[in-house]
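Right, one structure below, let's go through it.
Numbering (our numbering), first residue to last: 1372 to 1623.
Next comes the structure, spelled out in structure tokens:
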């Protein structure tokens, strides 16, 4: 929303906010599910009245903005938990578009992988021309529990670790493991205390177990929680802890 000069310590000049900058156009707000309740209230007012005041200002500024928002969170679940305003949800949810999980778009994976390869080779000044066909096939077959963020992470790590001019399957295989490869591999640092290692292994088991349940039940949290003999709220807390959402496991 911007601020006026002198509104707080360090406000040496007036700053125009995003809504004001986007006046007459379109504003994209990412990770809408992570904003605080206080910010939700301010955002709701702007969407309803198309007006706001800068921090430290008295003048009401009117805008005409088309808003596009995105989130990987289940806003309906957040409403049940009391962390997201229901009235804001309905103001935002005018034309919803659900983007399928990455594993449900296998044809997109090679294109995205090559795009991220270009991004990260330039960023890290590496001379890597392409990704080996076998490596692309492994990426395509991977189940992507972390969705597109995981793909970006794996490509960046592969760019940093690859010593040749083509990213090999061996390099990719260190990070994109099949379920069979992941199941029985434990990476234990014997230099760490017992309880630290134990917590790490339990966390990995917990994430894998919850992911498999959600996969089995097509992202249905209630069904997965019941199968695990967890109450709904506790199961949601564990999902949040491991960065999992039901949309990561929905196949249609």
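Heads up, the beta-carbon is just placed ideally off N, CA and C, and yes, glycines get one too.
Own chain partners of residue 1513 with C-beta closer than 6 Å, once the 5 adjacent residues on each side are dropped: The beta carbon of residue 1513 sits closer than 6 Å to those of 1547, all from its chain and outside the five residues before and after it, given in chain order.
Closest to residue 1435 by CA distance: which of 1462, 1411, 1395 and 1460 is it? 1395
Whose C-alpha, out of 1372, 1596, 1561 and 1380, is nearest the C-alpha of residue 1412? 1372
The alpha helix (DSSP H) enclosing residue 1494, as first and last residue numbers: The continuous alpha helix (DSSP H) containing residue 1494 extends over residues 1479-1494.
Inspect the CB distances between the segment 1486-1500 and the segment 1523-1541 and report whether three or more fall short of 8 Å. yes
C-alpha distance - residue 1652 paired with residue 1430, whole-angstrom precision: Lying before the first or after the last residue shown, residue 1652 is absent from the chain, which here runs from 1372 to 1623.
Roughly how many whole angstroms lie between the Cα atoms of residue 1523 and residue 1398? Approximately 24 Å, taken between the alpha carbons.
Where does residue 1398 fall in DSSP's three states? Three-state result, residue 1398: strand.
Residue environment, residue 1516, which counts as buried when at least 16 other CB atoms sit within 10 Å: buried
If residue 1592 and residue 1603 are in contact, beta carbons under 8 Å, what's the gap, nearest whole angstrom? 7 Å
For the segment 1448-1464 and the segment 1400-1420, state whether three or more C-beta atom pairs, one from each stretch, are separated by less than 8 Å. In short, these stretches touch, since the Cβ pair count reaches three.
Going by C-alpha distance, which of 1464, 1404, 1526 and 1388 is nearest residue 1484? The alpha carbon of residue 1484 has as its nearest neighbour, out of 1464, 1404, 1526 and 1388, the alpha carbon of 1526.
C-alpha distance - residue 1374 paired with residue 1404, whole-angstrom precision: 24 Å
Is residue 1418 near residue 1462, with beta carbons less than 8 Å apart? A distance below 8 Å separates the beta carbons of residue 1418 and residue 1462.
What's the C-alpha gap between residue 1424 and residue 1382? 16 Å
Since residue 1536 contacts residue 1509 with CB under 8 Å, what's their CB separation in whole angstroms? Residue 1509 and residue 1536 do not touch by the CB rule: their CB atoms are close to 19 Å apart, not below 8 Å.
Please work out which residues of its chain come closer than 6 Å, Cβ to Cβ, to residue 1613, disregarding the five sequence neighbours upstream and downstream, and give them in chain order. Cβ within range, chain order: 1578.
So what's residue 1634 in DSSP terms, helix, strand or just coil? Any answer about residue 1634 is impossible in this case: the structure gives the chain only from 1372 up to 1623.
Whose CA, out of 1609, 1511 and 1421, lies closest to the CA of residue 1477? For residue 1477, the nearest C-alpha among the options comes from 1511.
Taking the C-alpha atoms as reference points, what is the distance between residue 1538 and residue 1620? 28 Å
Can the beta-carbon of residue 1433 be found less than 8 Å from the beta-carbon of residue 1447? Cβ distance not < 8 Å, so residue 1433 and residue 1447 don't count as in contact.
Per the DSSP calculation, residue 1423 is bridged to which residue(s)? 1432
Residue 1442 vs residue 1402 beta-carbon contact at 8 Å: Yes; because the gap between Cβ atoms is below 8 Å, this pair is in contact.
For residue 1387 and residue 1420, what's the separation of their Cα atoms in angstroms? 19 Å
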